[in-house]
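Numbering (my numbering), first residue to last: 189 to 274. Encoded as C-alpha cells, the structure appears first; notes follow it.
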Amino acid sequence: FAEQIATYQADWRATVALSAVQGVACPAMMSALSYYDSYRTAVLPANLLQGQRDFFGAHTFSRTDKPAAEKYHIEWSDPSRPLQLI
189 FAEQIATYQA DWRATVALSA VQGVACPAMM SALSYYDSYR TAVLPANLLQ GQRDFFGAHT
249 FSRTDKPAAE KYHIEWSDPS RPLQLI
C-alpha cells in the first residue's frame, strides 16, 4: 500500500491543486493528503498552536531549537516583542 501511495502521490497532489485552482471543493481528498503529509513529517507545526495560546493567554511555548524543558513567553503587545525565558 505504501508503495502505491508513493507512486501516485504526485498525481494526487496535482488533482488537489487543480481542484483548488478551479474552485472545485474536494475536502476529503485535501484532508487525506494533509493527513498523509503529517505522517511523513518529522516535526509537525504544533509550535504554531503553542504560539497562539501564548498570545491569547500567556501559556508559554517551547522552541524547537532549544531544550524542551525550557519554556518561553513573548510580550506580544510590546512592539519590540521581548522574549522571556520562564
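For glycine and all other residues, C-beta sits at the position ideal for the given N, C-alpha and C. Nothing here was measured: the structure is a model prediction, and the numbers come from that model.
Separation of residue j from residue i, as counted between CA atoms
{"i": "L232", "j": "S207", "result": "25 Å"}
{"i": "W200", "j": "R241", "result": "34 Å"}
{"i": "W264", "j": "T229", "result": "29 Å"}
{"i": "M218", "j": "F249", "result": "29 Å"}
{"i": "Y223", "j": "A198", "result": "15 Å"}
{"i": "P270", "j": "A190", "result": "46 Å"}
{"i": "D253", "j": "D225", "result": "22 Å"}
{"i": "K259", "j": "V212", "result": "43 Å"}
{"i": "A246", "j": "P215", "result": "34 Å"}
Close-in-space but distant-in-sequence residues of the same chain around residue i (CB under 6 Å, 5 per side omitted)
{"i": "Q272", "result": "H261"}
{"i": "I193", "result": "none"}
{"i": "Q238", "result": "F249"}
Beta-carbon separation (whole angstroms), residue i vs residue j, contact threshold 8 Å
{"i": "L221", "j": "V204", "result": "5 Å"}
Beta-carbon proximity list for residue i, same chain, < 7 Å, skipping 5 on both sides
{"i": "F243", "result": "W264"}
Practice task
Quick one: which unbroken alpha helix (DSSP H) runs of 4-plus residues sit fully inside the region 219-263? Chain order, please.
Solution key: 234-245
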